[in-house]
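Worksheet for the structure shown next.
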Amino acid sequence: MDEFVVTPAWLSDRLEGPETQDFEGSQPQIRIVDVREPWEFEGIGHVPGAVNIPFDRFRDEGDADRGMLPGSDVFAELVEEAGIEPDDTIVAYDDTHGVFAARFVVTALLYGHEDVRLLDGDYSAWNREYETTSDASEVETSSYEPEPLALEESPLIEREDVEAAIDRGALLVDTREQFEFEEARLPGAVRFDWREVVDDETRGLKPRAEIEALLAERGITPDRELVLYCNTARRISHTYVVLRALGYEDVSFYEGSLTEWLAADGRVESGPVSSSNSDSDD
């Protein structure tokens with residue numbers, strides 16, 4: 283799973299000090315991105331060498347496209363300020379089980395950054411075993427030219443693509459809470475709350491075999507075409523990263539999610555569901 287999700291031990295082993303080191307014998311540097319609020323980053327502390335790119339800075343905050351991608355120019359400015367080069371290895375974390383950091387991971391992937399990973403767990407998990415600091419990280423600005431994924435390579439799909447996926451029998455996966463799912467959901471969707479893969483005690487992911495069993499219970503298997511959605515693309519980011527880490531390949535990312543679907547008067551289902559389409563309260 284190291285290609286998409288790395289443990290605190292993995293990261294610690296590759297850090298020599300407050301700055302980053304060469305990665306696996308090649309020249310890219312490890313750049314650690316903390317997506318929490320500045321007051322948390324500065325006041326509570328952070329992983330040594332981390333730079334702060336708060337969650338609200340790498341998503342669109344406008345009324346029309348709230349929660350959507352910020353645009354390649356905005357993303358380039360953010361990573362340049364953070365001193366990130368295109369060939370660097372990025373490791374992102376938050377303090378909310380990785381759900382906000384996963385949105386950064388997906389954003390970077392969509393803008394063509396090839397090596398970006400989610401820290402398994404979060405700041406609290408790191409803080410239990412490893413050094414933290416409140417010292418500012420020394421950063422030299424970089425030059426960064428995003429290369430957004432081509433349409434045929436990108437997992438992003440539009441509303442009309444979702445309609446077509448429904449017609450051909452794709453499995454729609456709703457990553458929200460049960461009350462949201464019962465209020466309104468895309469036709470035929472199954473619910474898989476993104477938090478189900480998280481161990482509340484360790485704050486990291488549950489063991490691989492346990493996650494795969496949970497997914498299989500809902501019919502979310504690697505042989506299926508999957509379409510993920512939530513409300514504004516934050517929660518599906520975590521599920522997307524987890525599925526990719528598990529080797530799932532046919533996974534689409536409906537960024538507009540239910541917010542866009544409802545605005546376009548898309549057909550929905552509501553109400554309680556059968557046990558095969560539900561899960562335990564969490």
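So for the sequence shown, this note's numbering puts the first residue at 283; every next one is plus one. C-beta: ideal position from N, C-alpha, C; glycine also.
Burial state of residue i (16 or more Cβ within 10 Å)
i, result
"S425", "exposed"
"D295", "exposed"
"S552", "exposed"
"F461", "exposed"
"S416", "exposed"
"G380", "buried"
"P352", "buried"
"G325", "exposed"
"E537", "buried"
Pairwise C-alpha distance: residue j and residue i
i, j, result
"E459", "S436", "27 Å"
"G307", "L297", "Caution is warranted here: a pLDDT of 35 is assigned to G307, below 50, making its placement in the model unreliable, and the coordinate value is therefore given only provisionally. The straight-line gap from Cα to Cα measures roughly 13 Å."
"D249", "V288", "Nothing about residue 249 can be read from this structure; the chain reaches only from 283 to 564."
"R339", "W476", "23 Å"
"V509", "P290", "30 Å"
"T371", "R410", "24 Å"
"K488", "V479", "6 Å"
"T428", "W321", "Here residue 428 turns out to be Pro, not Thr, going by the sequence shown. Whole-angstrom Cα-Cα distance: 29 Å."
"G327", "I335", "14 Å"
"S419", "A471", "44 Å"
Cβ-Cβ distance between residue i and residue j below 7 Å
i, j, result
"Y405", "D377", "yes"
"V373", "I314", "yes"
"R450", "A546", "no"
"T275", "T521", "A query on residue 275 cannot be resolved here, the shown segment of the chain reaching from 283 to 564 and no further."
"V333", "V421", "yes"
"A390", "V398", "yes"
"F286", "R526", "yes"
Strand pairing of residue i, partner residues [DSSP]
i, result
"V533", "L508"
"V288", "L401"
"I312", "T371"
"E420", "Answer is none; E420 lacks a bridge partner."
"T415", "H328"
"E551", "R467"
"A438", "Before going further, note that residue 438 is Leu rather than Ala in the sequence given. DSSP lists F535 as partners of L438."
query = Enumerated in chain order, which unbroken segments of the beta strand (DSSP E) with a length of 3 residues or greater are wholly contained in the segment 335–400?
reply = 371–375
task = Within the segment 454–529, note down every full beta strand (DSSP E) run reaching 3 residues or more, in order along the chain.
result = 508–511
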